[in-house]
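In our numbering, the protein residues as written are 678 to 1769.
Below is one structure; the comments refer to it alone.
Listed below in structure tokens is the structure:
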């Protein structure tokens, strides 16, 4: 077997297969033989020639090229220079953001002055002792709200509005004074809008939790408790402090149990929600020793949505045991923060968050070793739950390390006390002064008031009043924000001149896209930012990794690459050439990119100055022409300002015609490029109808319809009745068939998508149409473009019959091809021997297009593995198909209900000691509930849990990650023989060959006598991606770059305000009294019986 060494393995395998095929194919008397290889090649050639001849004849591809050449005086070919385009768009976006920057700076400046001039009033109240948002009163304020297309809701431009979370007491002097001085911001809001009418939401988020926004609109509070808190919004967190490196350590010693442990878990989860993608975090539990709650997170990791979700799940599984040793927890945290590693970090604010139920240890030697005297790490301590420990050590730890001490006695205190540390982090920023007042632009996120996807320019607002302790106040008042809708940025980018497969995109320093055609979050979730990485928006490869890195680094560049592209319907993958060009956006951390296919390096610009010609072309858009010339769909584009858009294409067409009867295509309110190109394409297709389509009897050729679609936005379907079943997108740039035809040569076949779960079709009543399309390529003046796509709808029933005839022997002129005799068997064919021979046409995505099997009528359009899993696996295993897994990070899944399991009851006999123990814990619990009640009266937060959605997010849905496997044909161009051997009864022969100039694979195979193969069942179904073990699925952290500025320390900072205990503790007499009251119902019967 030396001959079959590794270097000759493939040759050896092919030789053995060939020998086996010859042996199996040896004829016996009167048998039907599996077709020879050359027979199958012959059939494939006949299919190819028939398709080419008929499709070219009926669609009029050649004639359409001639029409374009005839009309070349009516248009010119303009070049798309990607470098010039991307630089111009970057300048326009920079100019747009800079105009909002001026409004932001003015707002922050005026807010600081207004607060400085405000005279504090301890007794500021309304008539009923409480001030509320006027829009939330039971008797509505006399404000008129009008619909505004920019805001997409009803607004009032003469007033601002406020929102206060339910768990903040609105009658407190702090809130009432805040409402008082921020009221004066209305004047600035209105002035800004007068200077720039394109401004969207102007918002001041206060450090007290008050939100004042302009223009006024009724706050869309959910049915449940309104816990929307501006201090937890991504834009506020980013503007209120510099990036953070945080280690959370949680005491899980034996004393932490029951309610206290639940409070700690909820507190940690809420703390994680205060972090953004610019921050890094790790979470550890400690008792006698400390270890990370997620074992594979050995260093700090980015606080993105995925990592925070992993942390939350791990935290919920923490259990309490052992004894408390603060030293172990702090040692772990300091070594995480101070070790020199190559792992990415925020490299700014360093802090430790310790959650404990209390203790006597101060761990002073740990601080002396790691943190003193420079105190580069802040330490925040949280005393959680009801206990009688001395809190002095926890206060000392926080005060000695520039931190703050908080108490969380009950669940209602969690939200407030887990976010107020941001005030401490803001001190260095305030003390730095004007240098720290920088405009920052956020990641993209969902606007809470319905504006859709937005970015926000933020600027911190400082307290300029003189502090009684020091010469300068170190408190941050809040963050000022101005929103910019992503759609507003999109309007600055070229769209239609780039063609169907050209586009612009933009990314931030984290590599997340804020502009990309694939940025389409399916769920509106205000709690999570929209964080779609550029490498997840597209199919990742090494070239794109390098492009992403250069864009994050603020460099300009250009690169032409061959890359994989997923189709719009997510069923197919194509390999195509793309030119990527990128440049930074001045004044921001964003970078803009532009992607162009080779065929979009030029575009058509119509020159229809002749108004008589315009009218002639326009006439074929009128519905009266549809019966003779076919139905017209026009792309719903913004051709003119006054054109009313509609999802109903017929209605949109009528709106368009009505507007064109009032104005001319040269009107200033119209986009002349869009409108002239639309009218030009109308005339070109009309001539195609007259010259070709009208002269053809489609039924003769087995066609249901013929169609054409253009870059200009016209889709014409002939005859008119075929439009009734036309389901393609009227915008060609959004249609999968259109975009795939441009990227592929020849004819692209696509069947209506079906799954095994779909209802069965009736061949007698249901007509199935197979869409076939091809791009029209023209060259004018040495410039090549693809301005249109033409195609047909095949009648499946008619073409299945034709397919079987083309792949048969009874019409064959070859001598002796089908002669049977005593020593000669007859070759089987796809028509006469359908009981024994399987013949298929499968497209490049692995979907069934045609079959010679009657029972496969209902399987056309299915993924082929659902038709014949063994044959599909053989094709994949023999490299006819490649596969690529892709992830959708913007999906929606149903919320899974929490399953609660109970244990069988056990018989328990109490002792006197148990009674005393129960009495003690019951009294403690009663005191906790009493304190919760008092706290609830102050903060209106009766047992608010994490299940309550603060932003009105539908709890029936959740964001999730879906995984899908797409298959695509490899570069094998010749035909191959395959022997699928699965045991004695399951061997079969297979021939497979690509049909040239199409996306089809012709497969001929024997029927399998029995199914004994153990194979992988290939699937293209979308399913949820679940990380059973996040440590196994860990990927290398992607390159990112944090903000360039950092304000984490200032020599003038006053650290004396470092927290103190606020909860009131019961005396021993109080607890004894509660015990007696609780025990009285249990012991009174026994006392009564003894006395009597």
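The beta-carbon is built from N, C-alpha and C at its ideal position, and this holds for glycine as well.
Remember, it's a predicted structure, so these values are computed and weren't measured experimentally.
Buried or exposed (CB count within 10 angstroms, at least 16 for buried), residue i
| i | result |
| --- | --- |
| residue 1254 | exposed |
| residue 954 | buried |
| residue 774 | buried |
| residue 797 | exposed |
| residue 725 | buried |
| residue 1693 | exposed |
| residue 1020 | exposed |
| residue 1433 | exposed |
| residue 1553 | buried |
| residue 1268 | buried |
| residue 890 | buried |
| residue 949 | buried |
| residue 1404 | exposed |
| residue 821 | exposed |
| residue 1520 | buried |
| residue 1054 | buried |
Pairwise C-alpha distance: residue j and residue i
| i | j | result |
| --- | --- | --- |
| residue 930 | residue 1033 | 9 Å |
| residue 1061 | residue 1070 | 14 Å |
| residue 1525 | residue 1518 | 6 Å |
| residue 730 | residue 1654 | 28 Å |
| residue 716 | residue 1507 | 11 Å |
| residue 1116 | residue 1471 | 59 Å |
| residue 1734 | residue 1207 | 37 Å |
| residue 1408 | residue 737 | 22 Å |
| residue 1003 | residue 1036 | 8 Å |
| residue 1428 | residue 1638 | 28 Å |
| residue 1322 | residue 1100 | 47 Å |
| residue 1558 | residue 1393 | 34 Å |
| residue 1361 | residue 748 | 8 Å |
| residue 859 | residue 1722 | 29 Å |
| residue 880 | residue 1124 | 12 Å |
| residue 1676 | residue 1316 | 35 Å |
| residue 933 | residue 1088 | 15 Å |
| residue 923 | residue 1324 | 48 Å |
| residue 1236 | residue 765 | 19 Å |
Check whether residue i and residue j have beta carbons under 8 Å apart
| i | j | result |
| --- | --- | --- |
| residue 1674 | residue 1423 | yes |
| residue 991 | residue 978 | no |
| residue 1453 | residue 1463 | yes |
| residue 1381 | residue 1446 | yes |
| residue 850 | residue 928 | no |
| residue 926 | residue 988 | no |
| residue 739 | residue 1365 | no |
| residue 1386 | residue 1430 | no |
| residue 869 | residue 966 | no |
| residue 1194 | residue 1307 | no |
| residue 1259 | residue 1229 | no |
| residue 1250 | residue 1645 | yes |
| residue 1058 | residue 1040 | no |
| residue 1683 | residue 1666 | yes |
Any non-hydrogen atom of the ligand PLP closer than 7 Å to residue i Cβ
| i | result |
| --- | --- |
| residue 1165 | Absent from the structure shown: the ligand PLP. Ligands present: none. |
8 Å Cβ cutoff, residue i in contact with chain C
| i | result |
| --- | --- |
| residue 760 | Absent from the structure is chain C; it holds one protein chain and no more. |
field: Sequence ranges, alpha helix (DSSP H) only - wholly within the segment 927–986, length at least 4
entry: 935–949
The segment 1320–1336 touching the segment 1258–1267, judged by at least three CB pairs closer than 8 Å: no
- prompt: On the three-pair Cβ rule with 8 Å, is the segment 1136–1143 touching the segment 780–797?
  reply: yes
message: Could you tell me which whole beta strand (DSSP E) segments of length 3 or greater appear in the segment 832–887?
response: 838–840, 879–883
- prompt: Is the segment 1162–1170 touching the segment 940–948, taking contact as three or more C-beta pairs under 8 Å?
  reply: no
query: Can we say the segment 820–837 touches the segment 1120–1130, given the rule of at least three CB pairs closer than 8 Å?
result: yes
query: Quick check: the segment 901–910 against the segment 1176–1193, are there 3 or more CB pairs under 8 Å?
result: no
task: Evaluate the contact criterion for the segment 1349–1364 versus the segment 1279–1290: three or more CB pairs, one atom per stretch, below 8 Å.
output: yes
- prompt: Fully enclosed by the segment 1132–1183, which alpha helix (DSSP H) runs are 4 residues long or longer?
  reply: 1163–1167
message: To test your reading of the DSSP string, which unbroken beta strand (DSSP E) runs of 3 or more residues are found completely within the segment 997–1063?
response: 1026–1033, 1054–1061
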